[in-house]
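Okay, structure first, notes after.
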Amino acid sequence: NPMIADAYKGNRMSKMLNRFHMWFPGGIAIGSLLSDFMTDASLSWETQIWILVIPTLIYAYLFFGQKWPNAQVQEAVNLKGNLSTMVTPIFLFIAFCMTLTAISEFGPNQWVGLILAKSGADPMIILALTAGLMAIARYFGGDIVKRFDQTGVLLGSAVLATIGVYLFSTQTGAMAYAAAVCFALGVAYFWPNMIGFVAEKIPKSGALGMSVIGAIGMFMTGAVQPVIGGWIDSDLEAAAERGLTGDELVLVAGQDTMEKLTLFPGALIILFTILYFWMRSRKSQDKAQAQTSTIATEM
Numbered sequence: 040n041p042m043i044a045d046a047y048k049g050n051r052m053s054k055m056l057n058r059f060h061m062w063f064p065g066g067i068a069i070g071s072l073l074s075d076f077m078t079d080a081s082l083s084w085e086t087q088i089w090i091l092v093i094p095t096l097i098y099a100y101l102f103f104g105q106k107w108p109n110a111q112v113q114e115a116v117n118l119k120g121n122l123s124t125m126v127t128p129i130f131l132f133i134a135f136c137m138t139l140t141a142i143s144e145f146g147p148n149q150w151v152g153l154i155l156a157k158s159g160a161d162p163m164i165i166l167a168l169t170a171g172l173m174a175i176a177r178y179f180g181g182d183i184v185k186r187f188d189q190t191g192v193l194l195g196s197a198v199l200a201t202i203g204v205y206l207f208s209t210q211t212g213a214m215a216y217a218a219a220v221c222f223a224l225g226v227a228y229f230w231p232n233m234i235g236f237v238a239e240k241i242p243k244s245g246a247l248g249m250s251v252i253g254a255i256g257m258f259m260t261g262a263v264q265p266v267i268g269g270w271i272d273s274d275l276e277a278a279a280e281r282g283l284t285g286d287e288l289v290l291v292a293g294q295d296t297m298e299k300l301t302l303f304p305g306a307l308i309i310l311f312t313i314l315y316f317w318m319r320s321r322k323s324q325d326k327a328q329a330q331t332s333t334i335a336t337e338m
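Just so you know, we're using my numbering here: the sequence shown kicks off at 40 and counts up by one.
Below is the structure:
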């Protein structure tokens, strides 16, 4: 992320960040299909793990001997400047939003296959569909950001993610695939554009700022799973008390949990609306200051 932010500027940076992050879901989509094929061929999981060596060697070849680009903002290479920027209101606001975007993306993703398998949908197809759509969406992410800016993209993503998670909590069978499409298009732009926002709008935080935002997201991804698991256990007990059993028990309990998870992307709609108008206001102020400086120079 820092390397891309230093190598490119403006919309080009957003485009390359989205394409860089394209290969996270892209790898999952390819990996899920490869795993399905290898499993059908009766190959062991140990053999499947060795597939990871292939991209590792490719990365080693691509990066060997390459020069790391210099930071474009001088303050970005200063630790004191990084830290002082990371306690500003805008950075703290984005850090809090990152916790919710991580939960919104990875919270449902970890459980949706288990739940939808009980609804008649193929969990492997759901995984490949979701990851594949995310990869395609991120490939074209630069054009979307150019048109709507990062704040507009994040707000639209929150709306789609909320609808997607809600559909997961209410739909079964064929409609589960429609829910997967909506969810994938919603969460696709969260992670790369949160990082891109920090790189473009808070450049003085430097590589450290981008790394901290990413680390917050990764931490919340792991930290929230036991909580969601607790919700599922509680909902299983509640569904069992209603006399439900078997697949119906798991499906109803899982969908009850998904309904709870709509709170996170729902909260992001409010937060990203605030961010949208916050950035518009700051842009207007910067424009006014630039005009004032120009007039003063001419005088």
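Built from N, CA and C at the ideal position, the CB exists for glycine as well.
Only a predicted model underlies this, so the values are computations on that prediction, with no experimental measurement involved.
Check, Outcome
"For F303, the nearest candidate out of K322, I202, S143 and G66 (CA to CA)", "S143"
"Supposed close pair G225, A141 - CB separation, criterion 8 Å", "Rounded, the Cβ-Cβ distance is 14 Å, inconsistent with contact."
"Buried or exposed by the 16-neighbour rule on C-beta atoms within 10 Å, applied to F145", "buried"
"4 or more residues per run - each alpha helix (DSSP H) lying fully within the segment 180-254", "180-209, 214-226 and 229-240"
"Euclidean distance between Cα positions of L9 and N232", "As shown, the chain starts at 40 and ends at 338. That puts residue 9 outside it, with no answer to give."
"Span separating the alpha-carbon of W62 from that of A174", "7 Å"
"Per-residue DSSP class, three states only, for K119", "helix"
"Assigned exposure category for P41 - 16 Cβ within 10 Å defines buried", "buried"
"Delimiting residues of the alpha helix (DSSP H) encompassing M61", "G49 to D79"
"Short Cβ contact (8 Å threshold) for N288 with A279", "Correcting the residue identity first, residue 288 is Leu in this sequence and not Asn. Closer than 8 Å, so yes."
"Nonlocal neighbours in the same chain, by C-beta distance under 8 Å from M249, ignoring five residues either side", "N40, P41, A44, I234, V237 and A238"
"G180, buried or exposed, once every other Cβ within 10 Å from all chains shown has been counted against 16", "buried"
"Contact check, K157 vs L290, beta carbons under 8 Å", "yes"
"Closest by C-alpha distance to A170, when choosing among Y98, A223 and Q264", "A223"
"Residue closest to A197, alpha-carbon to alpha-carbon, out of Y228, P147 and D286", "Y228"
"Proximity of I271 and G253 at Cβ, strictly below 8 Å", "no"
"Counted within 10 angstroms of its Cβ, other Cβ atoms place P147 as buried (16 or more) or exposed", "buried"
"Among F316, D188, D182 and F130, the one whose alpha carbon lies nearest that of P242", "F130"
"Inter-residue Cα distance where the pair is L310 and M214", "29 Å"
"Counted within 10 angstroms of its Cβ, other Cβ atoms place G269 as buried (16 or more) or exposed", "exposed"
"Between the CA atoms of T296 and M259 - distance to the nearest angstrom", "18 Å"
"Spatial distance of I313 from R177 (CA atoms)", "24 Å"
"Outcome for Y205 when other beta-carbon atoms lying within 10 angstroms are tallied against a minimum of 16", "buried"
"Residue nearest to R51 in terms of C-alpha spacing, selected from E85, R186 and T78", "R186"
"Terminal residues of the alpha helix (DSSP H) in which F103 lies", "Looking at the DSSP string, F103 is not in any alpha helix (DSSP H), and its letter there is neither H nor E."
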